[in-house]
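This report refers to the structure that appears directly beneath it.
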Amino acid sequence: MLVFANHQNSKKILNDAISNSYIPCISLCFPSFLMTDYARKMSLDLRMIDENAYSDHIDNKASHCAKMLNDYYQKYDVQKGTQFVFSDLGTYKPGEWNVYSEIKRKLVEDYYIPSYEIRFIQECKNEKAKKAMVDAMNRGDIRIIFGSTSMLGTGVNAQQRAVAIHHLDTPWRPSDLEQRNGRAVRKGNLIAKEFANNKVDVIIYAVERSLDSYKFNLLHNKQLFINQLKTNTLGSRTIDEGSMDEDSGMNFSEYVAVLSGNTDLLEKARLDKKITTLESERKNFLRERDAANGKLAEIESSVSFHSDKIKEAQSDLALFEQRVERDTEGLPVNKLTIKGVEDSTDIKVIAARLQEIDEKARTKGEYNKIGEIYGFSIMVKTESTSKDLFDCSVNRFFVKGQESIYYTYNNGKLATDPKLACQNFVNALERIPKVIESHEKEMEKVVANKDVYTNIANGSWKKEDELRALKGEAAELDRKIALTLAPPEEEKEDIGQEAQHGAIQQSKSVNVISESRSYKNSFSKNTDNIPLPTSPKNNSQQNVSDNNDITSKVIISKPKWKM
38 MLVFANHQNS
48 KKILNDAISN
58 SYIPCISLCF
68 PSFLMTDYAR
78 KMSLDLRMID
88 ENAYSDHIDN
98 KASHCAKMLN
108 DYYQKYDVQK
118 GTQFVFSDLG
128 TYKPGEWNVY
138 SEIKRKLVED
148 YYIPSYEIRF
158 IQECKNEKAK
168 KAMVDAMNRG
178 DIRIIFGSTS
188 MLGTGVNAQQ
198 RAVAIHHLDT
208 PWRPSDLEQR
218 NGRAVRKGNL
228 IAKEFANNKV
238 DVIIYAVERS
248 LDSYKFNLLH
258 NKQLFINQLK
268 TNTLGSRTID
278 EGSMDEDSGM
288 NFSEYVAVLS
298 GNTDLLEKAR
308 LDKKITTLES
318 ERKNFLRERD
328 AANGKLAEIE
338 SSVSFHSDKI
348 KEAQSDLALF
358 EQRVERDTEG
368 LPVNKLTIKG
378 VEDSTDIKVI
388 AARLQEIDEK
398 ARTKGEYNKI
408 GEIYGFSIMV
418 KTESTSKDLF
428 DCSVNRFFVK
438 GQESIYYTYN
448 NGKLATDPKL
458 ACQNFVNALE
468 RIPKVIESHE
478 KEMEKVVANK
488 DVYTNIANGS
498 WKKEDELRAL
508 KGEAAELDRK
518 IALTLAPPEE
528 EKEDIGQEAQ
538 HGAIQQSKSV
548 NVISESRSYK
558 NSFSKNTDNI
568 PLPTSPKNNS
578 QQNVSDNNDI
588 TSKVIISKPK
598 WKM
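Each residue of the sequence shown is one higher than the one before, starting from 38 at the first, in my numbering.
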């Protein structure tokens, strides 16, 4: 692999055990495809490359998976707990060596599990056979089922007794991983509720320093993009890594660090996560502060507007009160003059003229003067509107103040009664106090939150020193990691020779990292009644959680392959 990385020549990695006849022409034309395929197969089982050149090993994925399957088989034997095993590589093919059959062989020969309780979804040739296999899983007649994402990951409702999900390989898409886990982490899982505290264990088998790490990193980046796209938090040029891992239910970046074989990388991943979280907080703070400054500017502009209108209206009111004449009852005398009317005392004549103006005037959106009242101009304005899907024009009447305010009564529409039509304009002037009151109320609303926005705009982010310190720690850790990962000069030649001869060492140690992540699929209380064996009273799994969400406990099983 190292030789290929240096020379981009796939033939250099072919040893005597692998014939050139096995290599498709397209793979030789695109060697990266060949190397990716090799890397996937090597991380699963070396016998995927050549079953004759490599032998079984106690520390390969098949051995680890068989042991874990037996552990869960025995743990939930009374309840007939079932398990799913997923792999898109090494699927069942009759008459050929494959990982599915190899694990089944180990389960039967090494752990004495009946072969009829272990099935492959590929055995089903039609939907009827598939349904029968699913029903057998729910009854507990089949305890372990193998399948690929496409065949077992969708449309299989065999969750009633599921206690564990095993991922022998890592899919290319986050949705595929969710679909796999969704076979057991879903409502209707009675065993999880009654005997496993509403949890289903998800076991991921991953080899250090292999393509598994790369694929987890790929899943991590894809899930970030998908989640931020769904929540409308995707920037135009950057992806904010923030705390999206929490929402997706899996922290892929931490898995990448675990699989690299360097504990400093795990610490670096956690530091980076804290840094990105704080940077996201700072970004949000700055965004809120900018928004607060914008709001304050809007408030100032609005206060200035309403203050000016109040002053204008108060000036108009003072002038009106100075000029108005009132009768014995205190009502204003309607001293109205309209252009085209010589006798300003005849209400009917004035009303007829107003109706004529209302019917014929077309001002094209401009204010046209048609008369006066107490020194204030009476205006008409033609406005466009629609009625019953047809465009039409309507005229509205106003009394113009000394500056920019236009006062109306009845929304500027003339009454059909002649006296009321003529009274429209003096009534508009009588409403000036209400106009002042309206602007005062609006100004009160505007300034109600001014202090809040002022505090935000004048605030400062309190975690700047913490972020600076974390960045310093991360930089120091980067230097340490760089020194750790750099091989000594005298070892580089040996590493290259090992790669050329295809020498692979297998370590016997296994690291298991576990952490709980929630897949929030609500668990229905109204489940089908199926017979379940009663567990012993001293069984620690008997306690039932009050929480009805089925969650997953993620476990990474790491056979260490040093290439």
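Beta carbons: idealized from backbone N, C-alpha and C, even for Gly.
Source: prediction; values computed, not measured.
### Query
Taking the DSSP output, what are the residues bridged to Met174?
Within the sequence shown, residue 174 is the residue found at index 137, counting from 1. DSSP, once it has assigned bridges, lists no residue as partnering Met174.
### Query
In terms of DSSP beta bridges, what is Leu106 paired with?
Position 69 of the sequence shown, counting from 1, holds the residue named residue 106. DSSP lists no partner for Leu106.
#### Entry: Secondary structure of Asp428, DSSP reduced to three states
The count along the sequence shown starts at 1 and reaches residue 428 at position 391. Strand, per DSSP.
### Query
Taking Cβ to Cβ, would you say Tyr91 is nearer than 8 Å to Phe232?
The residue given as residue 91 occupies position 54 in the sequence shown. The residue given as residue 232 occupies position 195 in the sequence shown. For the 8 Å CB-CB criterion, Tyr91 and Phe232 do not form a contact.
### Task
Keeping to the same chain, check which residues put their C-beta closer than 6 Å to that of Lys305; ignore five residues upstream and five downstream.
Reading the sequence shown from its first residue, position 268 is the one you call residue 305. In its chain, beyond the 5 residues on either side, Leu514 have a beta carbon closer than 6 Å to the beta carbon of Lys305.
### Task
Using a threshold of 8 Å, state whether the C-beta atoms of Gly132 and Leu81 are closer than that.
By 1-based counting over the sequence shown, the position of residue 132 is 95. By 1-based counting over the sequence shown, the position of residue 81 is 44. Not a contact, by the Cβ cut-off of 8 Å.
### Message
Can you check which of these residues, Asn218, Ser250, Asn107, Pro208, is closest to Arg180 by C-alpha distance?
### Response
Counting from 1 along the sequence shown, the entry for residue 180 is found at position 143. When each option's Cα is compared against that of Arg180, the closest is Asn107.
### Query
Hey, quick one: how far does the beta strand (DSSP E) through Leu144 stretch, first residue to last?
Against the sequence shown, residue 144 aligns to sequence position 107. Element bounds for Leu144: not the beta strand (DSSP E) but the alpha helix (DSSP H), 136-148.
### Integer-rounded CB distance, given that Met174 should sit under 8 Å from Ala201
Counting from 1 along the sequence shown, the entry for residue 201 is found at position 164. Counting from 1 along the sequence shown, the entry for residue 174 is found at position 137. Incorrect: roughly 13 Å between the Cβ atoms, too far for contact.
#### Entry: C-alpha gap between Ile155 and Val145, whole angstroms
As a working note, residue 155 is residue 118 in the sequence shown. As a working note, residue 145 is residue 108 in the sequence shown. Spanning the two alpha carbons is a distance of roughly 9 Å.
### Task
Tell me whether the beta-carbon of Leu315 lies closer than 8 Å to the beta-carbon of Lys500.
Start at 1 with the first residue of the sequence shown, and residue 315 comes out as number 278. Start at 1 with the first residue of the sequence shown, and residue 500 comes out as number 463. Yes.
### Task
Please name the residue in Ile469, Ala169, Glu349 whose C-alpha comes closest to that of Ser441.
If you number the sequence shown from 1, residue 441 lands on position 404. Cα-wise, what sits closest to Ser441 is Glu349.
### Task
May I have a chain-ordered list of the alpha helix (DSSP H) segments no shorter than 4 residues that lie completely inside the region 426-487?
455-467, 469-484
### Query
When the Cα of Gln392 is compared with those of Cys459, Glu420, Gly402, Leu227, which residue comes out closest?
As a first step, residue 392 must be located in the sequence shown, where it is residue number 355. Among Cys459, Glu420, Gly402, Leu227, the Cα nearest to that of Gln392 is on Cys459.
### Message
Spatial neighbours of Arg84 within its chain, please: C-beta separation below 6 Å, excluding the five flanking residues on both sides.
### Response
Counted from its first residue, the sequence shown places residue 84 at position 47. Same-chain partners within the cutoff: Tyr91.
### Task
Could you check if Val489 is buried or exposed, using at least 16 other CB atoms within 10 Å of its CB as the buried criterion?
For the purposes of this step, residue 489 is taken as residue 452 along the sequence shown, with counting starting at 1. Exposed.
### Message
Please report the straight-line C-alpha distance between Lys19 and Asn258, rounded to a whole angstrom.
### Response
Past the edges of the chain, shown from 38 to 600, lies residue 19, and the structure says nothing about it.
### Limits of the unbroken alpha helix (DSSP H) element including Glu403
Within the sequence shown, numbered from 1, the residue matching residue 403 stands at position 366. Run containing Glu403: none; DSSP gives neither H nor E here.
### Query
Should Glu335 be labelled buried (16 or more other beta-carbon atoms within 10 Å of its own) or exposed?
Taking the sequence shown and counting its residues from 1, one reaches residue 335 at position 298. With a 10 Å radius around the Cβ and a threshold of 16 neighbouring Cβ atoms, Glu335 comes out exposed.
### Query
Considering only the beta carbon of each residue, do Pro211 and Asp125 sit closer than 8 Å?
Numbered from its first residue, the sequence shown carries residue 211 at position 174. Numbered from its first residue, the sequence shown carries residue 125 at position 88. Against a cut-off of 8 Å, the Cβ pair of Asp125 and Pro211 comes out as no contact.
### Task
Please look up how many angstroms separate the CB atoms of Gly438 and Phe413, rounded, as I've assumed it's under 8 Å.
Within the sequence shown, the letter at position 401 stands for residue 438. Within the sequence shown, the letter at position 376 stands for residue 413. At roughly 7 Å, the Cβ-Cβ gap stays under 8 Å, so Gly438 and Phe413 are in contact.
### Task
Rank Asn495, Gly331, Asn405, Val340 by C-alpha distance to the C-alpha of Phe434 and give the top, closest one.
To locate residue 434, count along the sequence shown from 1; it is residue 397. Checking every option, the nearest Cα to that of Phe434 belongs to Asn405.
#### Entry: Span of the alpha helix (DSSP H) around Val386
Here residue 386 is taken as the residue at index 349 of the sequence shown, counted from 1. First-last of the alpha helix (DSSP H) with Val386: 384-397.
#### Entry: Gln159 versus Lys267 - alpha carbon distance
Here residue 159 is taken as the residue at index 122 of the sequence shown, counted from 1. Here residue 267 is taken as the residue at index 230 of the sequence shown, counted from 1. Roughly 35 Å separates the two Cα atoms.
### Query
Cβ of Ser124 less than 8 Å from any chain B Cβ?
In the displayed structure, chain B is absent; only one protein chain is listed.
### For Gln120: DSSP bridge partner residues
Start at 1 with the first residue of the sequence shown, and residue 120 comes out as number 83. Answer is Ile181, Ala201.
### Query
Roughly how many angstroms separate the alpha carbons of Lys397 and Lys456, rounded to a whole number?
Position 360 of the sequence shown, counting from 1, holds the residue named residue 397. Position 419 of the sequence shown, counting from 1, holds the residue named residue 456. Each residue's Cα considered, the two are about 21 Å apart.
### Message
Between which residues of its own chain and Gly177 is the CB-CB distance below 7 Å, once the five residues before and five after are set aside?
### Response
Within the sequence shown, the letter at position 140 stands for residue 177. Non-local C-beta neighbours of Gly177 in its own chain, meaning closer than 7 Å and more than five positions away in sequence, comprise Lys117, Thr119, Arg198, ordered along the chain.
#### Entry: Assumed close pair Ile21, Val436 - CB separation to whole angstroms, cut-off 8 Å
Nothing can be reported for residue 21, as the shown portion of the chain is limited to 38 through 600.
### Message
So for Asp353, helix, strand or coil by DSSP?
### Response
Start at 1 with the first residue of the sequence shown, and residue 353 comes out as number 316. Three-state result, Asp353: helix.
### Query
What are the boundary residues of the beta strand (DSSP E) that includes Thr374?
As a working note, residue 374 is residue 337 in the sequence shown. Per DSSP, Thr374 is one residue of the beta strand (DSSP E) stretching across 373-375.
### Helix, strand or coil at Ser381 according to DSSP, with G and I counted as helix
The sequence position of residue 381 within the sequence shown is 344, counting from 1. Coil.
### Query
Tell me which same chain residues have a C-beta within less than 6 Å of the C-beta of Lys78, skipping the five on either side of it?
What you label residue 78 is simply residue 41 of the sequence shown in a count that begins at 1. Within the same chain, Lys78 has close Cβ partners Met85, Ile86.
### Query
What residue range is occupied by the uninterrupted alpha helix (DSSP H) comprising Ile629?
No statement about residue 629 is possible, as the shown extent of the chain runs from 38 to 600 and does not include it.
### Task
Please classify Arg223: does DSSP put it in a helix, a strand, or coil?
As a first step, residue 223 must be located in the sequence shown, where it is residue number 186. Reduced to three states, the DSSP call for Arg223 is coil.
### Query
Nearest-angstrom Cα distance between Ile347 and Lys310?
The count along the sequence shown starts at 1 and reaches residue 347 at position 310. The count along the sequence shown starts at 1 and reaches residue 310 at position 273. Using only the alpha carbons, I get a separation of about 54 Å.
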